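First comes the structure, then the notes that go with it.
Protein chains in written order, with my numbering: chain A, 1 to 437; chain B, 438 to 964.
In structure tokens:
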């Protein structure tokens, strides 16, 4: 049934195994559950071997882009004379996503361990955990865990007696969506305004403080420990459809669904069964209408598309969307799609960093038009204008925030044109509300 | 220096060859193609935020920002293809949705890049139907006013203050379409070079208080000149309206001032419009000076000088040409000058660029031509010598010291009070009214040209001095200042090899001047 409930029998809890287990938050409790064994093992291996195991396992970035983690780590060339840095992206700000929050709340030591393994693997002595400003509780537990780890000699200049220096710093952001973009995160970490940087240079060449940097998502780093302990083959075997998508993935489900929560399933799991079985299906008397499967910035799926989806990187793309961050937003037939899209657009307009023209002006303009249509003041030309603005906002800016704002608008108009037209033509949206049994 | 690798590419069908590391935007300039842009400025670090300079590069998946994309061998770039024109049209429409169409009351109108590019390739109409954002105008201190409604957030001003002036005073405040340029708490644009942000602003968001509502851009006449206000010799455009100098703005010269000029120099132009001018040649009749013709005045001056030892009290504002001709009048005498001083104010982001301590244009030229720099101006004046007061105002000079002179000849724009007993007054044009050259503190000889008409019967200094030399029987047949300079170059080894043609409008160093390097552009990517 997914956290905060007991796991559903069809879930595969690897990372979420100790959710709700208060003792796992402490160092002693974590060690009792096999914690820091992976780090100990890692410190006995060569960094190149660790990178190879991760490469072999097929682990891909869990933050949204799905870039192969082992390959990302291998970009960090040892002995280039510059300090290397590991950044853990814990800014989880994608609307609908709350998996990293739970990971840090319940298993903070897992992230400390993951950071230490990752830092060692890329030849870094310092890892930064950039935590979203609103995450006060995860921040507390992360700070506790880092403190405990230093006191126990797990971190510091002689990490676990290996002679290697590994420092982990927890840095609190101020709560900006854009600081989850890797280069904006680095700017923010350095004390600058959180604006994305132009790439190239890529972080692996010039990242934090101008040094080679690797940025990984919380879930990605935490997954490294079980991979090292159980081997690449064990991880690779956890795959239900496409061999390019291996392992388990946390999905945070919210919206109009019976049992919202954080679920961990093996990649390739059928989305239909996930929604109707694990998540309990729609609320009483309602029907699912649409799903946004990977956080607010991925294309909206119709139910037909969603029900045909296998939950992995390729499966979502095949059905017109993306896996993204795994933030599943379920929308039922009582909701107006125009309202939903207008609200999403407003979010992006609020969070645009204001650098690029198309994003700064386009997100706000899109919002104004969307809200006008929602309020029954739209015209048929507005839809053409929206699509044209969306085209101007796609692929022309430094980062993908403006693309993200355009995506729900374009997919919304394409897949739910009828709702737009109804509002424009003065037919108000009437939700179907069933009598409560 | 190692040979720089050259990269060959094609831009708009033209073959271009540029050094490795050049951006597409700069490479296009060498082929005579201006790629429209706002945030890019060659004197600032690259931001790549306006997205105006997007061009189509063959085989690239997306349009490339040409200001932030370096050239690659064999690249084929399309600046005016349908795709790139469409993208720029989109940017222009977006920039205009919150930009008021108040061009009729905007100071920038006529020299506004948003206006220019919108006329060039923008949409005819806007599809924006919603209300525009409004923020009140703000006094940024110094000479600068900020009008946020017109701001397109190119951040040139922010980058200038951060990376060139090294005085972070500005930042982008807020996010999304609410963003505007903000001033840090307690900070003002009082840096001695801060007013450059007004020139850098591509639209009418940053305005000069001094120039506010004074003139429309198309009413101005622009003349290439040199800032006369210190020894740095920044290259400027003198902008006049109805013969009045209303604004000075920097003119690019990578050997002197890059793209900038200081606020003090910029705002210190009113003296060139002064009204208390000596407008007619005069000679002494009894106890008073009386107007006369140029012929009579020149003849009187020549009589007074005949066979006498001459002491010249010169102004370091005079051109090389005038100073050179003055040395020809000395007849065994000597010359001296004094110079006003003020605090030095460097621009940290540009090598060897500062508002200099010595506040006159031609201190180095005067010294190169043998004039003595002194604080006691008339110390070299012996009893009975003829004193030529050339451009000097004699402020603070005791009349008794002047009285040592046997005779006083004034060759100035303004009649100094201390020289009331002058026997001849020859009125000359001031710095903005004539052509000539000056030598800056690094020995660079630079031309300035006539921006205004001289009042009354005043004549250019070189012409007056040439006529005087002619009247005294010395060779002089000068029709142009370039001829005076040619004679100077042939008689003075420091000026050897220079001519108006070779100097051009970027100047050349004296033969003995230290080698000067081009100003290094601000390091790319220094965010």
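All C-beta atoms in this analysis are idealised placements derived from N, C-alpha and C, irrespective of residue type, glycine included.
Owing to the predicted nature of the structure, the values given are computational and were not obtained by experimental measurement.
Margin query: I'd like to know if residue 453 of chain B contacts chain A, where contact means its C-beta is closer than 8 Å to some C-beta of that chain.
Written below: Residue 453 of chain B sits at position 16 when you count from the first residue of the second chain. Judged by the 8 Å Cβ criterion, residue 453 of chain B is not in contact with chain A.
Notebook entry, point to check: In chain order, which alpha helix (DSSP H) runs of at least 4 residues are fully inside the region 749 to 824 of chain B?
Noted result: 757 to 766 and 800 to 805
Checklist line | Status (buried if at least 16 other CB within 10 Å, exposed otherwise) for residue 778 of chain B | finding: Residue numbering aside, residue 778 of chain B sits at position 341 when the second chain is read from its first letter. Flag for residue 778 of chain B reads exposed.
Next item on the list: Could you tell me which residues DSSP pairs with residue 107 of chain A in its beta bridges?
Entry: Here residue 107 of chain A refers to the residue found at position 107 of the first chain. Bridge partners of residue 107 of chain A: none, in fact.
Check: From residue 145 of chain A to residue 36 of chain A, what distance separates their C-alpha atoms?
Finding: Residue 145 of chain A sits at position 145 when you count from the first residue of the first chain. Residue 36 of chain A sits at position 36 when you count from the first residue of the first chain. Cα-Cα distance, rounded: 12 Å.
Next item on the list: Leaving aside the five residues before and after residue 449 of chain B along the sequence, list all residues of the same chain whose C-beta is less than 6 Å from its C-beta, in chain order.
Entry: Your numbering for residue 449 of chain B matches position 12 in the second chain. Correct list, in chain order: 470 and 516.
Check: What separation, rounded to the nearest whole angstrom, lies between the Cα atoms of residue 552 of chain B and residue 546 of chain B?
Finding: Your numbering for residue 552 of chain B matches position 115 in the second chain. Your numbering for residue 546 of chain B matches position 109 in the second chain. Those two C-alpha atoms are separated by around 7 Å.
Margin query: So with CB distances below 9 Å, who are the chain A contacts of residue 640 of chain B?
Written below: The residue you call residue 640 of chain B lines up with position 203 of the second chain. By Cβ distance, chain A contributes nothing, its closest Cβ being about 13 Å from residue 640 of chain B, past 9 Å.
Notebook entry, point to check: Name the DSSP bridge partner or partners of residue 515 of chain B?
Noted result: Along the second chain, one-based indexing puts residue 515 of chain B at 78. Paired residues: B/493.
Item checked: Contact list for the region 334 to 364 of chain A against chain B, Cβ threshold 9 Å -> 348, 349, 350, 351, 352, 353, 354, 355, 356, 357, 358, 359, 360, 361, 362, 363 and 364
Note to self: Among A/191, A/56, A/344 and A/170, whose alpha-carbon lies nearest the alpha-carbon of residue 403 of chain A?
What the structure shows: By 1-based counting over the first chain, the position of residue 403 of chain A is 403. Looking at the Cα atoms, A/344 is the closest of the given residues.
Notebook entry, point to check: Can the beta-carbon of residue 96 of chain A be found less than 8 Å from the beta-carbon of residue 279 of chain A?
Noted result: Here residue 96 of chain A refers to the residue found at position 96 of the first chain. Here residue 279 of chain A refers to the residue found at position 279 of the first chain. No.
Next item on the list: Determine, using beta carbons only, whether residue 534 of chain B comes closer than 8 Å to chain A.
Entry: Within the second chain, numbered from 1, the residue matching residue 534 of chain B stands at position 97. Yes, residue 534 of chain B lies at the interface with chain A (some Cβ there is under 8 Å from its Cβ).
Next item on the list: Pick out whichever of B/590, B/622 and B/642 has its Cα sitting closest to the Cα of residue 488 of chain B.
Entry: As a working mapping, residue 488 of chain B is identified with position 51 in the second chain. For the residues B/590, B/622 and B/642, the minimum Cα distance to residue 488 of chain B belongs to B/590.
Item checked: Close Cβ partners of residue 597 of chain B (< 7 Å) along its chain, the five nearest in sequence each way excluded -> As a working mapping, residue 597 of chain B is identified with position 160 in the second chain. These residues qualify, in order along the chain: 481, 633, 634 and 637.
Checklist line | From B/571, B/444 and B/573, residue whose alpha carbon lies closest to that of residue 509 of chain B | finding: As a position in the second chain, residue 509 of chain B is number 72, starting the count at 1. Per the Cα distances, B/444.
Notebook entry, point to check: Thinking C-beta only, is residue 887 of chain B closer than 8 Å to residue 791 of chain B?
Noted result: Here residue 791 of chain B is taken as the residue at index 354 of the second chain, counted from 1. Here residue 887 of chain B is taken as the residue at index 450 of the second chain, counted from 1. Contact: no.
Next item on the list: Identify every run of the beta strand (DSSP E) within the region 544 to 608 of chain B, keeping only runs that are complete inside it and at least 3 residues long; order them along the chain.
Entry: 581 to 583
Next item on the list: At 3 residues or longer, and completely inside the region 84 to 163 of chain A: list those beta strand (DSSP E) runs for me, N to C.
Entry: 84 to 90 and 124 to 131
Next item on the list: Compare the C-beta of residue 613 of chain B with all C-beta atoms of chain A and state if any pair is closer than 8 Å.
Entry: Within the second chain, the letter at position 176 stands for residue 613 of chain B. Yes - at least one Cβ of chain A is within 8 Å of the one on residue 613 of chain B.
Next item on the list: Mind reading off the beta-carbon distance from residue 134 of chain A to residue 175 of chain A? Whole number of angstroms is fine, and I expect it under 8 Å.
Entry: On the first chain, residue 134 of chain A is found 134 positions in, with the first residue counted as 1. On the first chain, residue 175 of chain A is found 175 positions in, with the first residue counted as 1. Indeed, because the Cβ distance is near 5 Å, the residues count as touching under 8 Å.
Check: Is residue 663 of chain B closer than 8 Å to residue 798 of chain B when the C-beta atoms are compared?
Finding: What you label residue 798 of chain B is simply residue 361 of the second chain in a count that begins at 1. What you label residue 663 of chain B is simply residue 226 of the second chain in a count that begins at 1. Yes. Within cutoff.
Next item on the list: Show which residues of chain A have a CB atom less than 8 Å away from the CB atom of residue 485 of chain B.
Entry: The residue given as residue 485 of chain B occupies position 48 in the second chain. Result: 198 and 398.
Check: Shortest alpha-carbon distance to residue 234 of chain A belongs to which of A/4, A/14, A/10 and A/5?
Finding: Translated into positions along the first chain, residue 234 of chain A becomes position 234. When only C-alpha atoms are compared, the closest one is A/14.
Checklist line | Classification of residue 71 of chain A by the beta-carbon crowding that lies within 10 angstroms, buried from 16 upward | finding: Your numbering for residue 71 of chain A matches position 71 in the first chain. So residue 71 of chain A ends up on the exposed side.
Note to self: So that I know if they touch, is there some Cβ in chain B lying closer than 8 Å to that of residue 77 of chain A?
What the structure shows: Against the first chain, residue 77 of chain A aligns to sequence position 77. No, residue 77 of chain A does not count as interfacial toward chain B.
Next item on the list: Give a yes or no on whether the C-beta atoms belonging to residue 183 of chain A and residue 203 of chain A are separated by under 8 Å.
Entry: Looking up residue 183 of chain A in the first chain gives position 183. Looking up residue 203 of chain A in the first chain gives position 203. Closer than 8 Å, so yes.
Checklist line | Residue-level contact to chain E via CB, residue 376 of chain A, 8 Å cutoff | finding: No chain E appears in the structure shown, which is made up of the protein chains A and B.
Check: Of the residues that make up the region 115 to 148 of chain A, which ones have a beta carbon closer than 8 Å to any beta carbon in chain B?
Finding: none
Checklist line | Coil, strand or helix - residue 269 of chain A by DSSP | finding: Residue mapping note: residue 269 of chain A aligns to position 269 of the first chain, counting from 1. Residue state, collapsed to three classes: strand.
Checklist line | Same chain, Cβ closer than 6 Å to residue 785 of chain B, neighbours up to 5 away in sequence not counted | finding: Taking the second chain and counting its residues from 1, the one referred to as residue 785 of chain B is at position 348. Excluding positions up to five away in sequence, the list reads 603.
Note to self: Output needed for residue 208 of chain A: all residues of its chain with C-beta closer than 8 Å, excluding positions within five of it in sequence on either side, in chain order.
What the structure shows: Counting from 1 along the first chain, the entry for residue 208 of chain A is found at position 208. Here the set comprises 85, 87, 128, 186, 189 and 190.
Check: Between which two residues does the alpha helix (DSSP H) carrying residue 347 of chain A extend?
Finding: As a working note, residue 347 of chain A is residue 347 in the first chain. Note, residue 347 of chain A: alpha helix (DSSP H), 337 to 351.
Notebook entry, point to check: On the three-state DSSP scale, how would you describe residue 939 of chain B?
Noted result: Numbered from 1 along the second chain, position 502 holds the residue referred to as residue 939 of chain B. It is helical.
Next item on the list: List the endpoints of the continuous beta strand (DSSP E) containing residue 676 of chain B.
Entry: Position 239 of the second chain holds residue 676 of chain B. 672 to 678 is the extent of the beta strand (DSSP E) around residue 676 of chain B.
Margin query: Assuming residue 182 of chain A is part of the alpha helix (DSSP H), what are its boundary residues?
Written below: Here residue 182 of chain A refers to the residue found at position 182 of the first chain. Where residue 182 of chain A is concerned, the enclosing alpha helix (DSSP H) stretches over 182 to 189.
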